[in-house]
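Residue numbers (the numbering used here): 143 to 271.
Here is the structure we will look at.
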Amino acid sequence: MTVTRLGSGGPWEQQYGYSRVVRAGDLALTAGCTATVDGRVVHVGDAAAQTAQALRIGLAALAEVGVRPGDVVRTRMYVTDRLHADEVGRAHNAVFGAVRPVATLVVVAGLLDPEHLVEVELEAYVGDS
């Protein structure tokens, strides 16, 4: 089985020792994706826009290892306040409504940068593609 590990050049990957995306055979996984672009948090205060940005980042990483959005079978969303759940869920639906992966939405005490309102992880299976 071939394992491919790719980074995005994000500020924490080298420091903490992880990859943005790993593809191991038929399985592809992203690290947690946030609305961090060029080392800065974007869409501060807007959980829906942060979710959309994080999903774009995750899907772009998956595309680098040959994965399409329709291959995503699981998503995990971590929000810093339950009041963001509906807007995060709607942003998720805008991307994955037709795909309908299994999904988890968890309220957490906080994320690495206090301006992050949401973090997402994506998992994909490409065995039947």
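For each residue, glycine too, the CB sits at the ideal point set by N, CA and C.
Fair warning: this is a prediction, and the values are worked out from it, not measured in the lab.
Are the CB atoms of residue i and residue j nearer to each other than 8 Å?
i, j, result
"VAL237", "PRO211", "yes"
"THR176", "LEU253", "yes"
"ALA191", "ARG232", "no"
"GLY151", "THR178", "no"
"LEU259", "HIS226", "yes"
What is the DSSP secondary structure of residue i, counted as helix, strand or coil?
i, result
"ALA189", "helix"
"VAL237", "helix"
"TYR160", "coil"
"ARG182", "strand"
"ARG232", "helix"
"GLU155", "helix"
"LEU253", "coil"
"THR146", "strand"
"ALA166", "strand"
"ALA266", "strand"
"LEU259", "coil"
Report, in whole angstroms, the separation of the C-beta atoms of residue i and residue j, which I expect to be a contact under 8 Å.
i, j, result
"GLU265", "VAL207", "Not quite, the Cβ-Cβ distance comes to about 12 Å (not below 8 Å), so this is no contact."
"ARG147", "ALA203", "11 Å between Cβ atoms; not a contact."
"VAL262", "GLY174", "7 Å"
"MET143", "ALA170", "The pair is not a contact, with the Cβ atoms about 13 Å apart (cut-off 8 Å)."
"THR217", "ALA245", "5 Å"
"VAL248", "TYR220", "5 Å"
Which ranges does the beta strand (DSSP E) cover as unbroken runs of at least 3 residues, wholly within the stretch 191 to 230, from first to last along the chain? 214 to 221
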